[in-house]
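For reference, the structure is listed below as structure tokens.
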Amino acid sequence: MQVDDVNWSIINGSFCAYKVMTKKRRLCTNEYNLTGICNRKSCPLANSNYATVREENGVCYLYIKTIERAAFPAKLWEKIKLSQNYEKALEQISNELIYWPSYYIHKCKQRLTVMTQILIRTRRLRLKRQKKLVSTKRKVDRREARREAKALVAARLDVAIENELLERLKQGVYGEIYNFPQHVFNKAAEELEVSDNSDAEIDEEEEDESGKQSERQFIEDFEESDEDDIEELQRPIEEAENEMEDSEEEEKEKTKARRHHVSVEYEEDDLIPCKKKSLIKLF
Amino acid sequence: MACRPLVSVYSEKGEATGTSVKMPAVFQAPIRPDIVGSVHMDMMKNGRQPYAVSAKAGHQTSAESWGTGRAVARIPRVSGGGTNRSGQGAFGNMCRHGRMFAPTKTWRRWHRRINVNQRRYAICSAIAATGIPALVMAKGHCIEEVPEIPLVLTDKVQTLTKTKEAVGVLRKLKLWREIEKVKSTRRFRAGKGKMRNRRRIQRRGPVVIYNQDNGICRAFRNIPGVTLINVDRLNLLKIAPGGHVGRLCIWTESAFKKLDSIYGTWKKASEQKTDYNLPMPKMTNCDLSRLLRSDEIQKALRPPKKQVTRRVLKRNPLKNLSVLAKLNPYAVVEKKLAKLVEKQQKKKRQELQDAKRGIKYGFKHGYYQLVGVEDVGLATVDAAASGGKSRPRKPVTKAPPAKEKKEKKEKKEKK
Chain B
7 MQVDDVNWSI INGSFCAYKV MTKKRRLCTN EYNLTGICNR KSCPLANSNY ATVREENGVC
67 YLYIKTIERA AFPAKLWEKI KLSQNYEKAL EQISNELIYW PSYYIHKCKQ RLTVMTQILI
127 RTRRLRLKRQ KKLVSTKRKV DRREARREAK ALVAARLDVA IENELLERLK QGVYGEIYNF
187 PQHVFNKAAE ELEVSDNSDA EIDEEEEDES GKQSERQFIE DFEESDEDDI EELQRPIEEA
247 ENEMEDSEEE EKEKTKARRH HVSVEYEEDD LIPCKKKSLI KLF
Chain W
31 MACRPLVSVY SEKGEATGTS VKMPAVFQAP IRPDIVGSVH MDMMKNGRQP YAVSAKAGHQ
91 TSAESWGTGR AVARIPRVSG GGTNRSGQGA FGNMCRHGRM FAPTKTWRRW HRRINVNQRR
151 YAICSAIAAT GIPALVMAKG HCIEEVPEIP LVLTDKVQTL TKTKEAVGVL RKLKLWREIE
211 KVKSTRRFRA GKGKMRNRRR IQRRGPVVIY NQDNGICRAF RNIPGVTLIN VDRLNLLKIA
271 PGGHVGRLCI WTESAFKKLD SIYGTWKKAS EQKTDYNLPM PKMTNCDLSR LLRSDEIQKA
331 LRPPKKQVTR RVLKRNPLKN LSVLAKLNPY AVVEKKLAKL VEKQQKKKRQ ELQDAKRGIK
391 YGFKHGYYQL VGVEDVGLAT VDAAASGGKS RPRKPVTKAP PAKEKKEKKE KKEKK
């Protein structure tokens with residue numbers, strides 16, 4: 007036997023699955039609740055005669071429950087479709103809930119008003135483009151970031167790049183590239199510049215550069231060179247060999263002479279810039 | 031008590047068979063959540079196993095206090111030497127490796143005895159609550175599409191053997207959503223229970239109450255959330271889990287019919303329990319709002335007082351004439367009289383004085399004025415006659431000196 011007051015005292019006092027406590031007030035998550043507040047008057051469970059307005063696919067329905075059907079939950083709610091016309095819908099509510107306490111009539115109408123406003127707004131929004139908010143999951147994000155970092159480390163990109171570059175070098179993608187030590191390269195480049203300049207300055211330069219040159223001895227290393235350049239290199243090879251044979255005393259003069267003797271050939275089709283070419287001859 | 035007389039019986043396909051069963055009187059028992067709660071709590075205590083700390087814990091040392099005079103605290107210290115332990119504090123709850131405060135004992139009162147009548151009251155309340163859809167929903171069961179509450183099934187359900195068939199029954203009765211809810215709440219217990227063989231927890235689903243187990247137990251027991259009980263052995267811990275009333279109950283027809291004989295109706299005592307009948311409610315009609323609106327009560331009431339009497343500020347009658355007049359209407363008359371008397375007496379006094387001073391007044395032009403004086407409304411005061419003290423009552427203009435002399439002469443003549 008169902009008595010509303012008894013039910014309310016149990017629901018309110020003991021436990022209700024739909025009750026949500028916030029700091030300021032108690033809310034009811036029951037979908038049939040008229041106001042959304044946990045209240046003696048608003049509780050759909052504690053009132054045998056109850057009415058709500060709910061919206062489904064853009065259409066508002068009036069739901070009524072009476073105590074006669076209380077024992078049959080499947081048939082509990084009488085669902086009345088409300089007119090799409092707002093005024094007519096209000097009239098409908100008044101007619102269906104005639105003789106009901108004014109609380110229900112009033113609240114149903116209020117709820118209908120709010121729902122129609124919401125529906126209008128949603129319809130308007132649908133016509134515009136809407137941003138879809140996708141939630142990020144913190145745990146997932148963190149996990150994926152960590153895995154990314156690990157994958158990066160595991161890939162060992164620098165090693166792979168190195169190997170790839172060496173492969174390409176071996177295959178000859180880069181044409182002629184020689185691995186000279188940087189300081190040697192610079193020195194040689196400087197010397198080349200000097201030789202290309204006017205002869206008048208040679209004496210001075212010779213004095214300057216002879217010192218440098220005497221410190222160094224250039225050894226032939228033609229393992230990495232291409233076959234195309236072997237002919238060009240033959241002369242410098244001979245000259246280099248001559249250099250080695252000569253005594254140190256004659257180095258200065260001979261180097262100067264050699265510089266003069268060396269003929270600089272410029273080829274147009276080369277990938278390598280001119281200076282490098284002449285450098286090759288030096289070595 | 032007005033109540034539905036009959037409950038329809040449903041087949042295992044979810045359709046209403048033509049038959050209906052009389053509603054047992056238990057469902058009209060008073061619902062007392064307080065009794066259910068306290069009895070439930072006591073019943074839960076009865077299943078406990080004792081726990082205690084070892085009796086010797088903390089005392090397995092021959093520690094003695096060093097007493098005073100050694101510049102150390104006086105707690106007992108471990109005797110002996112040659113180890114770190116020597117000289118350390120022992121025995122106290124504040125000491126490391128000491129005994130705890132109030133060591134737990136096995137002879138703690140673990141179990142509670144509950145009065146038989148209270149136990150039965152609780153169970154009757156709990157069963158009654160399962161018959162109210164509002165309370166079942168408030169507990170959290172998904173019964174929106176269930177055909178009827180209380181839900182009674184034919185006895186054929188008792189002969190089901192396959193879980194698949196049992197699942198089919200629940201689906202037809204629209205109870206599968208309830209089972210799915212149970213499945214979705216499967217989680218690990220929070221706390222140490224995890225490592226104490228209580229690892230997983232889930233919601234409670236429906237209770238299936240049968241009369242005879244012809245396979246129904248085996249069919250339903252593996253479905254998550256479902257509990258099975260025999261009518262003869264109804265358990266409060268299963269009907270009102272957590273101490274809250276309103277668990278979803280599925281009855282078989284014979285079980286439902288048996289309830290009357292187990293708990294009795296008010297008209298007839300229980301057959302299975304000796305000397306027991308259903309608890310009497312404190313109120314036959316609990317609908318308080320309805321009662322208050324009824325004619326019998328409304329007739330006996332006096333009409334409501336709509337007039338609001340507010341606190342009136344007390345004003346002092348001795349200072350406030352209108353308040354005094356309210357209390358003593360004659361006071362107004364008295365006061366007026368007094369004023370009049372005062373006026374008359376004043377006038378007399380003044381006349382006497384004037385006579386002494388030699389000022390005469392005659393009533394002319396509606397007011398008293400000096401006789402013989404041509405100026406209107408002015409009194410001349412003989413400064414000399416009054417001895418230098420003048421009492422001007424109205425704006426004074428000086429009389430011509432000739433008249434003063436005349437008066438002087440007159441006075442001299444008189445004398």
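From first to last, the protein sequence lines are chains B and W.
When you line the first sequence up against our numbering, it's residues 7 to 289, in that order.
When you line the second sequence up against our numbering, it's residues 31 to 445, in that order.
The beta carbon of each residue, even a glycine, is placed where N, CA and C say it ideally should be.
- Query: For the alpha helix (DSSP H) that K85 (chain B) lies in, which residues bound it at each end?
  - Reply: Sequence index remark: in the first sequence, residue 85 (chain B) carries index 79 (1-based). Premise fails: K85 (chain B) lies in the beta strand (DSSP E), W83 to K87, not in any alpha helix (DSSP H).
- Candidates W:D262, W:L351, W:S324 and W:A249: which alpha carbon is nearest K366 (chain W)'s? The residue labelled residue 366 (chain W) in the question sits at position 336 within the second sequence. Answer by Cα proximity: W:L351.
- With a threshold of 16 other CB atoms inside 10 Å of the CB of H171 (chain W), please say whether the residue is buried or exposed. For the purposes of this step, residue 171 (chain W) is taken as residue 141 along the second sequence, with counting starting at 1. Around the beta-carbon of H171 (chain W), 16 or more other beta-carbon atoms lie within 10 Å, marking it buried.
- Message: In the DSSP assignment, the beta strand (DSSP E) including C279 (chain W) goes from what residue to what residue?
- Response: Working through the second sequence from its first residue, we reach residue 279 (chain W) at position 249. Unbroken beta strand (DSSP E) run through C279 (chain W): C279 to T282.
- Among W:M71, W:I162, W:V199 and W:I153, which has the Cα closest to the Cα of V12 (chain B)? Mapped onto the first sequence, residue 12 (chain B) falls at position 6. The option with the nearest alpha carbon to V12 (chain B) is W:I162.
- Task: Check the DSSP bridge columns for T257 (chain W) and list the partner residues they point to.
- Result: The residue you call residue 257 (chain W) lines up with position 227 of the second sequence. Paired residue(s): W:V237.
- Name the chain B residues that come within less than 7 Å of I61 (chain W), Cβ to Cβ? Position 31 of the second sequence holds residue 61 (chain W). Here the neighbours are V12 and I16.
- S38 (chain W) by DSSP, collapsed to three states: which one? The residue given as residue 38 (chain W) occupies position 8 in the second sequence. The three-state reading of DSSP puts S38 (chain W) in strand, counting E and B together.
- Query: Which residue comes first and which comes last in the beta strand (DSSP E) that contains I70 (chain B)?
  - Reply: Within the first sequence, the letter at position 64 stands for residue 70 (chain B). Bounds of the beta strand (DSSP E) holding I70 (chain B) are V65 to K71.
- Query: Would P177 (chain W) count as contacting chain B if we go by Cβ distances under 7 Å?
  - Reply: On the second sequence, residue 177 (chain W) is found 147 positions in, with the first residue counted as 1. Taking Cβ atoms only, chain B reaches closer than 7 Å to P177 (chain W), which makes this a yes.
- Three-state secondary structure (DSSP) at E301 (chain W)? For the purposes of this step, residue 301 (chain W) is taken as residue 271 along the second sequence, with counting starting at 1. The answer is coil: DSSP assigns E301 (chain W) none of H, G, I, E or B.
- Message: I need the straight-line Cα distance from P309 (chain W) to L343 (chain W), nearest angstrom please.
- Response: The residue you call residue 309 (chain W) lines up with position 279 of the second sequence. The residue you call residue 343 (chain W) lines up with position 313 of the second sequence. Roughly 57 Å between the two C-alpha positions.
- Alpha carbon to alpha carbon, what distance is there between H141 (chain W) and E102 (chain B)? Taking the first sequence and counting its residues from 1, one reaches residue 102 (chain B) at position 96. Taking the second sequence and counting its residues from 1, one reaches residue 141 (chain W) at position 111. Going from the Cα of E102 (chain B) to the Cα of H141 (chain W) covers about 58 Å.
- Query: Hey, out of W:P271, W:P106, W:I209 and W:I231, whose CA is closest to K447 (chain W)'s CA?
  - Reply: In the structure displayed, chain W extends from 31 to 445; residue 447 (chain W) sits before or after that span and is not available.
- Return the first residue and the last residue of the alpha helix (DSSP H) that V165 (chain B) is part of. Residue numbering aside, residue 165 (chain B) sits at position 159 when the first sequence is read from its first letter. Its alpha helix (DSSP H) spans residues L163 to Q177.
- Query: To the nearest angstrom, how far is it from the Cα of K193 (chain B) to the Cα of P187 (chain B)?
  - Reply: Position 187 of the first sequence holds residue 193 (chain B). Position 181 of the first sequence holds residue 187 (chain B). In this structure, the straight-line span from the alpha carbon of K193 (chain B) to that of P187 (chain B) is close to 10 Å.
- Message: What does the alpha-carbon distance come out to for the pair A355 (chain W) and V362 (chain W)?
- Response: Here residue 355 (chain W) corresponds to residue number 325 of the second sequence, with the count starting at 1. Here residue 362 (chain W) corresponds to residue number 332 of the second sequence, with the count starting at 1. Roughly 6 Å separates the two Cα atoms.
- Item | Residue of W:V39, W:P347, W:V371 and W:A385 minimising C-alpha distance to K186 (chain W) | Here the question's residue 186 (chain W) lines up with position 156 in the second sequence. Of the candidates W:V39, W:P347, W:V371 and W:A385, the one whose C-alpha sits nearest the C-alpha of K186 (chain W) is W:V39.
- Item | Straight-line Cα distance separating K369 (chain W) from G448 (chain W) | In the structure displayed, chain W extends from 31 to 445; residue 448 (chain W) sits before or after that span and is not available.
- Message: In whole angstroms, give me the CA-to-CA distance for W296 (chain W) and D290 (chain W).
- Response: For this step, residue 296 (chain W) is matched to residue 266 along the second sequence. For this step, residue 290 (chain W) is matched to residue 260 along the second sequence. Each residue's Cα considered, the two are about 10 Å apart.
- Query: Are the segment 261-270 of chain W and the segment 279-294 of chain W touching by the rule of at least three beta carbon pairs closer than 8 Å?
  - Reply: Because the criterion of three Cβ pairs below 8 Å is met, the segment 261-270 of chain W and the segment 279-294 of chain W touch.
- Item | Buried or exposed (CB count within 10 angstroms, at least 16 for buried), D164 (chain B) | To locate residue 164 (chain B), count along the first sequence from 1; it is residue 158. By the neighbour-count rule (16 or more Cβ atoms within 10 Å), D164 (chain B) is not buried but exposed.
- Task: Measure from the alpha carbon of P180 (chain W) to the alpha carbon of each residue in W:L165, W:K194 and W:L190, then state which is nearest.
- Result: For this step, residue 180 (chain W) is matched to residue 150 along the second sequence. Here the closest residue by C-alpha is W:L165.
- Within 7 Å, strictly: CB atoms of I269 (chain W) and G235 (chain W): The residue labelled residue 269 (chain W) in the question sits at position 239 within the second sequence. The residue labelled residue 235 (chain W) in the question sits at position 205 within the second sequence. No, Cβ-Cβ distance for I269 (chain W) and G235 (chain W) is not below 7 Å.
- Y110 (chain B) in three-state terms, based on DSSP: Taking the first sequence and counting its residues from 1, one reaches residue 110 (chain B) at position 104. Of the three classes helix, strand and coil, the one that applies to Y110 (chain B) here is helix, per DSSP.
- Task: Can you give me the Cβ contacts of K377 (chain W) inside the same chain, cut-off strictly under 7 Å, excluding the 5 residues immediately before and after it?
- Result: Translated into positions along the second sequence, residue 377 (chain W) becomes position 347. Apart from the 5 residues on each side of it in sequence, K377 (chain W) has no Cβ closer than 7 Å to any other Cβ in its chain.
- With distances taken between CB atoms, is the gap from P311 (chain W) to P54 (chain W) smaller than 7 Å? If you number the second sequence from 1, residue 311 (chain W) lands on position 281. If you number the second sequence from 1, residue 54 (chain W) lands on position 24. If you check the CB distance, P311 (chain W) and P54 (chain W) do not come in under 7 Å.
- Task: Counting only the same chain and skipping the five closest in sequence on each side, list residues whose C-beta sits under 6 Å from that of K135 (chain W).
- Result: Here residue 135 (chain W) corresponds to residue number 105 of the second sequence, with the count starting at 1. Correct list, in chain order: A82.
- Per DSSP, cross-strand counterpart(s) of P106 (chain W): In the second sequence, counting from the first residue as 1, residue 106 (chain W) sits at position 76. The partner list for P106 (chain W) (beta bridge, DSSP) reads W:S95.
- Message: Just checking: is the beta-carbon of L308 (chain W) within a distance shorter than 7 Å of some beta-carbon in chain B?
- Response: Position 278 of the second sequence holds residue 308 (chain W). Against chain B, the CB of L308 (chain W) has no partner CB under 7 Å away; the residue lies outside that interface.
- Message: Using 8 Å for Cβ pairs, my map puts L190 (chain W) next to I239 (chain W). What's the rounded Cβ distance?
- Response: The residue given as residue 190 (chain W) occupies position 160 in the second sequence. The residue given as residue 239 (chain W) occupies position 209 in the second sequence. Not really, about 15 Å apart at Cβ, beyond 8 Å.
- Task: Can you give me the start and stop residues for the alpha helix (DSSP H) that G198 (chain W) sits inside?
- Result: One-based indexing of the second sequence puts residue 198 (chain W) at position 168. Run containing G198 (chain W): T193 to K202, per the alpha helix (DSSP H) assignment.
- Task: Show which residues of chain W have a CB atom less than 8 Å away from the CB atom of S20 (chain B).
- Result: Position 14 of the first sequence, counting from 1, holds the residue named residue 20 (chain B). By Cβ distance, chain W contributes P63, G67, H274 and V275.
- Item | Spatially closest choice to Q79 (chain W) from W:R138, W:L278 and W:R149, by CA coordinates | Sequence index remark: in the second sequence, residue 79 (chain W) carries index 49 (1-based). Closest option to Q79 (chain W), Cα to Cα, is W:R138.
- Task: Excluding the 5 residues preceding and the 5 following A157 (chain B) in the sequence, name in chain order all residues of the same chain whose CB lies nearer than 7 Å to its CB.
- Result: Here residue 157 (chain B) corresponds to residue number 151 of the first sequence, with the count starting at 1. Within the same chain, and ignoring the five residues on either side of A157 (chain B) in sequence, no residue has its Cβ closer than 7 Å to its Cβ.
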